[in-house]
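*Asks:*
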Amino acid sequence: MKKLIVPILCILGAIGFVASVYLVFFNAPLEYAIDKDTGRLVGTSLFFNQKIYFFHVPHAILLFVAVFVAGISSIMYLWKHDLAWDDIAAGTVDISVAFGAAVLATGSIWAKAAWDVWWQWEPRLTMSLLLWLILVGYALVRKFAGPSADRVAAGMAIFGMVGVPFIYTMVGHDSHPASGLNGVVATQGAAMRPAFWMSFATFTCWFTALVITRVQGTRAEREVRELRERALDLGVIE
Amino acid sequence: MLRHALRIAWKDLRIEVRSKEIFMTVAFFGALLVVIYSFAFQDKSAIRAAVPGMLWVALAFTGTISLGRAFDRERENDTMRALLLAPVPRLSVFIGKAIAMGLLNLGVAVIIVPLLALWLNAPLFAYPLELAGIVIAGSFGIAIVGSVFAATLLKARSRDVLLPVVLYPILLPLFVAGTKCTAALVAVNPDLDIAHYWMDFVGIYDAAFLVLSLWVFESLVIE
Amino acid sequence: MGRLDRVLVEKVAKRYGTERALAGVSLELVRGTMCALLGHNGAGKTTLLGVVSTLVRPNTGSVTYRSGEVKLKGEAVRREIGLLAHASLCYGELSAIENLELVAGLYGITASVTAVLDQVGLEPRARERAARTYSRGMLQRLALARALLTKPSLLLLDEPFTGLDRGGALTLGEQLGGLKADGTIVVVVTHDLEAIAGRTDHVAILKRGKLVCEERSDLSYSYDQLKDLYHRNAA
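Chains as they are written, first to last, in this note's numbering: chain P, -16 to 221; chain G, 16 to 238; chain A, -13 to 221.
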């Protein structure tokens, strides 16, 4: 079963991707609004550019989840001293740094299309950036801190996770589409839902598949190293 | 435990008072920052709005440098090892260090704040109590989180640059809250409600991270 | 306070990132003996010392500290451990007396610190000066005073003879012999076989993290015996 999980996730992801593309481009309605009085298009209609939403929001949610997974795995690692937890934290962060870069890039594209600026210091983007910075910091520490890297990184993940509610409160709510219960996700039209959830499911599959592959890679490296050491001890190799 | 923590804090303070090394160099560095800021903004009216940010950037930089230097001292003769070896709760090492660093940060702030007010004509002292509150809370917040990581990084490579790399993302909410609070105090129409909101924010932040630090300190610092 | 009689190291392994520092090391330390921990640089000696001193947490395995029938843990164990390394473990800005008073406060010692300073021979005029003004020899004496002040039952020494002249090394060797006779467990990591010859009765040699040789003797090991053991095993 373990061996199959990555291929299964990949296949699901691939199917989901095709389905998402279909749903996003052919099923979900174009977003626009007609002003009742004048019969003309309302200025904030996004049309085709709104499709980015289906790529952008799932990534942003996953970024948020990634910080928590890294934080909780790090707590488990410090508690149980089992390297498996450390692998999960490190693997999740590695993949999330790439995904995070994707969020910020797609967010920029959307912003340019919608508001004609490449970046804005508004809540959602700021929050994504800050979460991403925590993850990048973790990755840098892991790479450059030397032998104690695992502990420092674990500390950063935990402290970063605890900081998330504070970051959330601090960024406030401004021009970005609303979040939470009144948020865009919850109130999106029923017509948007299939496309959105399919897209979300697809990216979750991709993300999980990548993380699992990364963790497996780390474990394989470790096993090879240990075998090599045993061989050296036994004098089988020089 | 508190007794030992105070003993350790007192030791740090005594060393610092004697040599004044960190205090003088870092306070001077802070003053230089203020000078640089004043030249960074050519538009004089923009300066006033930027003062809150300048204050907290200065506190961020000076705080990190002080931490780095103070913990470097513990590396010089391997005294951190000696402290961790002592038959005292290891948390008292953390608490002692955090107290000493908080007071050191506060000392540096006492130099920087008046300089900012003087050279940039900012009415920082309009509400001294609130300002004192937020600066104290900020200084100790930096000390608490900073002591955990400075101690953990003691034996790491690249620790000089990694300390800010680790600290700044985590301390960002504290810096932003400090800036917003200070901004509310020096604004043309000061808003004490907002200032108090951000003071509460930093208070909760400090409490949350203090508890977290007490919880994980030993796991992070012992190899 | 319980004095340590035995320290049992059981199958201790430690990795640092990708490096294996110790692999399944088991060892027993007994009161009134001096154990020489030998090996090339990087063999894991300092790590093993770190594990025994509770400063390094092993990935697997355990260390048990016994005082009679009682197993000691945590602060009670640390109370009994003394460390002498090539770093002085003292604060340069404080004087000898202040450094020792700090240690006394942390270890709960009420006895006067001047006695131990007399014992190591640190001249009275220097005691009030900041430790950073001391010569190497004086620093060594301060470090030794610091280790002796707490009257540890387990004394760990990490390359204590480095930087000492022949006379200094001999004196330190004698003091260690005296402590051993008093029942202290002494563990020395060193490359200076001459200094510990004639006093060591337990030899443990590490190679790439593994214990490749362990021997005890009722008579102490001579310099030639130590040299021979080292060359046969550590290489």
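For each residue, glycine too, the CB sits at the ideal point set by N, CA and C.
Being a predicted model, the structure only gives us computed values, none of them experimental.
(1) Rounded to the nearest angstrom, how far is the Cβ of T40 (chain G) from that of Y77 (chain A), given a contact under 8 Å?
(2) Under three-state DSSP, which class holds I182 (chain A)?
(3) List, in chain order, every chain A residue whose beta-carbon is nearer than 8 Å to that of S34 (chain G).
(4) Alpha helix (DSSP H) containing R88 (chain G): first to last residue?
(5) Would you mind giving the Cβ-Cβ distance between A152 (chain G) and M69 (chain G), rounded to the nearest angstrom? I have them listed as a contact below 8 Å.
(6) How about the stretch 204 to 222 of chain G and the stretch 165 to 183 of chain G: do they share at least three Cβ pairs that are nearer than 8 Å?
(7) In chain order, what residues of the same chain have a beta carbon less than 7 Å from the beta carbon of M59 (chain P), not counting five sequence neighbours either side?
(8) Answer yes or no: does any C-beta atom of chain G fall closer than 7 Å to that of A73 (chain A)?
(9) Am I right that L75 (chain A) and R1 (chain A) are in contact with their C-beta atoms under 8 Å? What's the rounded C-beta distance?
(10) Is the distance from the Cβ of K196 (chain A) to the Cβ of A9 (chain A) below 7 Å?
(11) Would you give the residue range spanned by the alpha helix (DSSP H) that Y121 (chain P) belongs to?
(12) Identify the contact partners of S39 (chain A) in chain G, using a Cβ-Cβ distance below 9 Å as the criterion.
(13) Thinking S79 (chain P) and A49 (chain P) are a contact (beta carbons under 8 Å), I'd like their distance in whole angstroms, please.
(14) Compute the distance between the beta-carbons of L181 (chain A) and G159 (chain A), then report whether it is under 7 Å.
(15) Between E206 (chain P) and chain A, is any beta-carbon pair separated by less than 7 Å?
(16) Taking only three categories from DSSP, how would you classify S39 (chain A)?
(17) Assign E109 (chain A) to buried or exposed, taking buried as 16 or more other Cβ atoms, counted over all protein chains shown, within 10 Å of its Cβ.
(18) So does A199 (chain G) have its beta carbon nearer than 6 Å to some heavy atom of the ligand FMN?
(19) So, does the stretch 21 to 38 of chain G touch the stretch 106 to 114 of chain G, judging by three or more C-beta pairs under 8 Å?
(20) Give me the residue from A:A101, A:I191 and A:S53 with the minimum Cα distance to L86 (chain A).
(21) Between the C-alpha atoms of Y242 (chain G) and W134 (chain G), what's the straight-line distance to the nearest angstrom?
(22) Name the chain P residues whose beta carbon is nearer than 8 Å to that of F216 (chain G)?
(23) Report the residues of the stretch 182 to 195 of chain G with a CB closer than 7 Å to any CB of chain P, ordered along the chain.
(24) Can you grab the Cα-Cα spacing for the pair F155 (chain G) / L24 (chain A), in whole Å?
(25) V100 (chain P) touches chain G at which residues, Cβ-Cβ below 9 Å?
(26) Counting only Cβ pairs nearer than 9 Å, list the residues of chain P close to R127 (chain A).
(27) Return helix, strand or coil for R(-8) (chain A), following the three-state DSSP convention.
(28) Check the Cβ of Y220 (chain G) against every Cβ in chain P and list those closer than 7 Å, keeping chain order.
(29) Give me the Cβ distance between L235 (chain G) and R107 (chain P), rounded to the nearest whole Å; I'm assuming they're in contact under 8 Å.
(30) Grab me the residues of L(-6) (chain A)'s own chain with a C-beta within less than 6 Å of its C-beta, minus the 5 sequence neighbours each way, in chain order.
(31) When the Cα atoms are used, what is the spatial distance from L(-13) (chain P) to L193 (chain P)?
(32) Verify the CB distance criterion: does G154 (chain A) have a CB-CB separation below 7 Å to chain P?
(33) Going along the chain, which residues of its own chain have a beta-carbon closer than 6 Å to the beta-carbon of F190 (chain P), five neighbours each way excluded?
(34) Any beta-carbon of chain A closer than 7 Å to the one on P120 (chain G)?
(35) For K26 (chain G) and S81 (chain A), what's the separation of their Cα atoms in angstroms?
(36) State the CB to CB distance for the pair D223 (chain A) and T32 (chain A), rounded to an integer number of angstroms; the pair is presumed to be in contact (CB under 8 Å).
*Replies:* So, from the listed chains and residues:
(1) One-based indexing of the second sequence puts residue 40 (chain G) at position 25. One-based indexing of the third sequence puts residue 77 (chain A) at position 91. The Cβ separation is near 19 Å, so there is no contact.
(2) Working through the third sequence from its first residue, we reach residue 182 (chain A) at position 196. Under the three-state reduction of DSSP, I182 (chain A) is assigned to helix.
(3) If you number the second sequence from 1, residue 34 (chain G) lands on position 19. Going along chain A in sequence order, the residues near S34 (chain G) (Cβ under 8 Å) are E79.
(4) Here residue 88 (chain G) is taken as the residue at index 73 of the second sequence, counted from 1. Residues K59 to E91.
(5) Start at 1 with the first residue of the second sequence, and residue 152 (chain G) comes out as number 137. Start at 1 with the first residue of the second sequence, and residue 69 (chain G) comes out as number 54. That pair is no contact at about 19 Å.
(6) When C-beta atoms of the stretch 204 to 222 of chain G are compared with those of the stretch 165 to 183 of chain G, fewer than three pairs fall below 8 Å, so the two segments do not count as touching.
(7) As a working note, residue 59 (chain P) is residue 76 in the first sequence. Closer than 7 Å at Cβ, skipping near neighbours: W68.
(8) Here residue 73 (chain A) is taken as the residue at index 87 of the third sequence, counted from 1. Yes - at least one Cβ of chain G is within 7 Å of the one on A73 (chain A).
(9) Your numbering for residue 75 (chain A) matches position 89 in the third sequence. Your numbering for residue 1 (chain A) matches position 15 in the third sequence. Not confirmed; about 27 Å, so no contact.
(10) Position 210 of the third sequence, counted from the start, is the residue given in the question as residue 196 (chain A). Position 23 of the third sequence, counted from the start, is the residue given in the question as residue 9 (chain A). Closer than 7 Å, so yes.
(11) Locating residue 121 (chain P) in the first sequence gives position 138, where the first residue counts as 1. P106 to F127 is the span of the alpha helix (DSSP H), which, as asked, contains Y121 (chain P).
(12) For the purposes of this step, residue 39 (chain A) is taken as residue 53 along the third sequence, with counting starting at 1. What S39 (chain A) touches in chain G: R96 and L100.
(13) The residue you call residue 79 (chain P) lines up with position 96 of the first sequence. The residue you call residue 49 (chain P) lines up with position 66 of the first sequence. Between S79 (chain P) and A49 (chain P) a beta carbon distance of about 4 Å is seen, short of the 8 Å cut, so the two are scored as contacting.
(14) Within the third sequence, numbered from 1, the residue matching residue 181 (chain A) stands at position 195. Within the third sequence, numbered from 1, the residue matching residue 159 (chain A) stands at position 173. Note that residue 181 (chain A) is Ala in the sequence shown here, rather than Leu. For A181 (chain A) and G159 (chain A), yes; Cβs fall inside 7 Å.
(15) Locating residue 206 (chain P) in the first sequence gives position 223, where the first residue counts as 1. E206 (chain P) does not count as touching chain A.
(16) Translated into the one-based positions of the third sequence, residue 39 (chain A) becomes position 53. Coil at S39 (chain A), not helix or strand.
(17) For the purposes of this step, residue 109 (chain A) is taken as residue 123 along the third sequence, with counting starting at 1. Taking a 10 Å sphere around the C-beta of E109 (chain A), we find fewer than 16 other C-beta atoms and assign the residue as exposed.
(18) Among the ligands in the structure shown, none appear at all, so the ligand FMN cannot be discussed.
(19) Judged by pairs of C-beta atoms under 8 Å, the stretch 21 to 38 of chain G touches the stretch 106 to 114 of chain G, as three or more such pairs exist.
(20) Taking the first residue of the third sequence as position 1, residue 86 (chain A) is located at position 100. Per the C-alpha coordinates, the member of A:A101, A:I191 and A:S53 positioned closest to L86 (chain A) is A:A101.
(21) A question about residue 242 (chain G) goes unanswered here, because the residues of chain G that appear run from 16 up to 238.
(22) The residue labelled residue 216 (chain G) in the question sits at position 201 within the second sequence. Neighbours of F216 (chain G) on chain P, chain order: F149, T152 and M153.
(23) Correct list: P184, I185, L187, P188, V191 and A192.
(24) Numbered from its first residue, the second sequence carries residue 155 (chain G) at position 140. Numbered from its first residue, the third sequence carries residue 24 (chain A) at position 38. Their Cα atoms are separated by approximately 46 Å.
(25) Here residue 100 (chain P) corresponds to residue number 117 of the first sequence, with the count starting at 1. Residues of chain G with a Cβ closer than 9 Å to the Cβ of V100 (chain P) do not exist; the shortest Cβ-Cβ separation is about 21 Å.
(26) Looking up residue 127 (chain A) in the third sequence gives position 141. Against chain P, the beta carbon of R127 (chain A) has no neighbour under 9 Å; the closest one sits roughly 33 Å away.
(27) The residue labelled residue -8 (chain A) in the question sits at position 6 within the third sequence. In this structure, DSSP gives R(-8) (chain A) an extended state, which the three-state scheme calls strand.
(28) Position 205 of the second sequence, counted from the first residue, corresponds to residue 220 (chain G). Going along chain P in sequence order, the residues near Y220 (chain G) (Cβ under 7 Å) are F149.
(29) To locate residue 235 (chain G), count along the second sequence from 1; it is residue 220. To locate residue 107 (chain P), count along the first sequence from 1; it is residue 124. 32 Å between Cβ atoms; not a contact.
(30) For the purposes of this step, residue -6 (chain A) is taken as the residue at position 8 of the third sequence. Excluding residues within five positions, the ones whose Cβ falls inside 6 Å are E14 and T50.
(31) Taking the first residue of the first sequence as position 1, residue -13 (chain P) is located at position 4. Taking the first residue of the first sequence as position 1, residue 193 (chain P) is located at position 210. Cα-Cα distance, rounded: 14 Å.
(32) The sequence position of residue 154 (chain A) within the third sequence is 168, counting from 1. Cβ-Cβ to chain P under 7 Å: no for G154 (chain A).
(33) By 1-based counting over the first sequence, the position of residue 190 (chain P) is 207. Non-local C-beta neighbours of F190 (chain P) in its own chain, meaning closer than 6 Å and more than five positions away in sequence, comprise L45, ordered along the chain.
(34) Residue mapping note: residue 120 (chain G) aligns to position 105 of the second sequence, counting from 1. Checking the sequence, you will find Asn at residue 120 (chain G) rather than Pro. Chain A contact via Cβ: absent.
(35) What you label residue 26 (chain G) is simply residue 11 of the second sequence in a count that begins at 1. What you label residue 81 (chain A) is simply residue 95 of the third sequence in a count that begins at 1. Going from the Cα of K26 (chain G) to the Cα of S81 (chain A) covers about 12 Å.
(36) For chain A, the structure presents residues -13 to 221; residue 223 (chain A) sits outside this window and is missing.
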